[in-house]
Amino acid sequence: MTFTLNTAMKAALAAAGVALATPAAAQVNGMATADITAAVIGSQAFQTGFQQISTQYESQRSTIEQRQQQRQQLIQTFDTNGDGQLDQTEQQATQDASNTTVQQIQAIDREMSQLQQPINRARVYVVQQVAQNYSAALQQVISDNNIQFVISPDALVYGPEAADITSNIVTALNTRVPSAQITPPADWQPSEAAVNLYQQIQQLLMISAMQQQQQAAGGQQAPATTGR
Numbered sequence: 000m001t002f003t004l005n006t007a008m009k010a011a012l013a014a015a016g017v018a019l020a021t022p023a024a025a026q027v028n029g030m031a032t033a034d035i036t037a038a039v040i041g042s043q044a045f046q047t048g049f050q051q052i053s054t055q056y057e058s059q060r061s062t063i064e065q066r067q068q069q070r071q072q073l074i075q076t077f078d079t080n081g082d083g084q085l086d087q088t089e090q091q092a093t094q095d096a097s098n099t100t101v102q103q104i105q106a107i108d109r110e111m112s113q114l115q116q117p118i119n120r121a122r123v124y125v126v127q128q129v130a131q132n133y134s135a136a137l138q139q140v141i142s143d144n145n146i147q148f149v150i151s152p153d154a155l156v157y158g159p160e161a162a163d164i165t166s167n168i169v170t171a172l173n174t175r176v177p178s179a180q181i182t183p184p185a186d187w188q189p190s191e192a193a194v195n196l197y198q199q200i201q202q203l204l205m206i207s208a209m210q211q212q213q214q215a216a217g218g219q220q221a222p223a224t225t226g227r
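In terms of numbering that gives the first Met the number 0, the sequence shown has 142 at position 143, counting the first letter as 1, and numbering is strictly consecutive.
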């Protein structure tokens with residue numbers, strides 16, 4: 000089952016507890032929470048930028064998918080007992096640099112890395128453009144709603160849903176940065192903060208997409224029930 004990037008984005012926002020269609024009440028007794036990762040994912044500039052990158056690098060992404068399948072087929076050749084898993088002995092065999100199959104896998108890894116590099120670079124560029132406007136968007140929401148304290152969701156043990164201002168920040172981001180460029184300048188170097196944020200976003204998108212796939216697979220495998 001293949002899911003579009005939009006599907007993964009929506010799932011990621013749901014996993015982060017952000018309902019963009021129904022903005023939060025902005026604060027509770029002067030206190031609020033905000034999630035920068037979900038705010039960036041929810042922004043229009045991020046979503047449009049990532050879709051444009053997917054279109055621009057469609058050929059490369061298709062090749063990467065093909066190489067991933069080839070790599071998996073090569074890995075399966077080490078499953079000598081046919082149990083569908085690699086035990087410790089079988090895993091050790093995949094580390095033998097003199098093995099022809101291992102060399103083929105390494106060559107595929109290098110090719111995929113080269114193909115993925117410009118895609119990642121463009122995506123980080125989009126993330127950095129949006130993230131650079133996050134502080135200003137946050138300050139705007141704080142000012143508009145008379146918020147005294149903003150806490151990261153990771154540090155929050157409990158809080159009402161109304162305390163989450165992430166959706167409000169998304170609205171502010173959409174005004175401040177309605178779109179993002181997807182082609183970085185030749186001499187552009189990403190900031191460490193942008194790279195870290197991109198990695199967090201990728202992890203959230205991957206987890207959400209996997210959950211969607213598992214749910215879809217579970218629904219297809221569920222036996223039909225008949226009424227009596």
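Heads up, the beta-carbon is just placed ideally off N, CA and C, and yes, glycines get one too. Predicted, not measured: the structure shown is a model, and the values here were computed from it.
Other residues of its chain near residue i: CB distance less than 8 Å, five sequence neighbours each side excluded
i    : result
F148 : G29, M30 and A31
T47  : S178 and A179
D95  : V101
D108 : R70
Residues that DSSP places opposite residue i in a beta bridge
i    : result
F148 : M30
D163 : T32
Alpha carbon of residue i to alpha carbon of residue j, nearest angstrom
i    : j    : result
L85  : I164 : 46 Å
N167 : E57  : 33 Å
V39  : N80  : 46 Å
F77  : I181 : 41 Å
T100 : Q67  : 14 Å
Q69  : V194 : 29 Å
Q188 : P117 : 13 Å
T54  : V125 : 15 Å
R283 : Q113 : An answer regarding residue 283 cannot be provided, because it is not within the stretch 0 to 227 covered by the chain.
L172 : A92  : 50 Å
S190 : Q105 : 29 Å
S239 : Q139 : Residue 239 is absent from the structure shown; the chain starts at 0 and stops at 227.
T88  : Q72  : 18 Å
I272 : A216 : Missing from the structure shown is residue 272; the chain here goes from 0 to 227 and no further.
I141 : A33  : 11 Å
Q199 : E64  : 22 Å
L196 : A185 : 22 Å
T21  : Q115 : With a pLDDT of 45 at T21, under the threshold of 50, the modelled position of this residue cannot be trusted; read the value that follows with caution. Between T21 and Q115, the C-alpha separation is close to 36 Å.
T62  : Q201 : 20 Å
P152 : Q213 : 26 Å
Residue i - containing alpha helix (DSSP H), residue span
i    : result
G48  : Q43 to Q55
N119 : T99 to A130
A136 : Y133 to D143
A92  : Q87 to A92
Own chain partners of residue i with C-beta closer than 7 Å, once the 5 adjacent residues on each side are dropped
i    : result
R120 : P183
A136 : I168, A171, L172 and R175
Q43  : N173 and P177
Q127 : P189, S190 and A193
E110 : R66
V129 : V39, S42, A44, F45, L172, V176 and A179
Sequence-distant residues of the same chain with beta carbon closer than 6 Å to residue i, five excluded per side
i    : result
Q90  : none
I150 : T32
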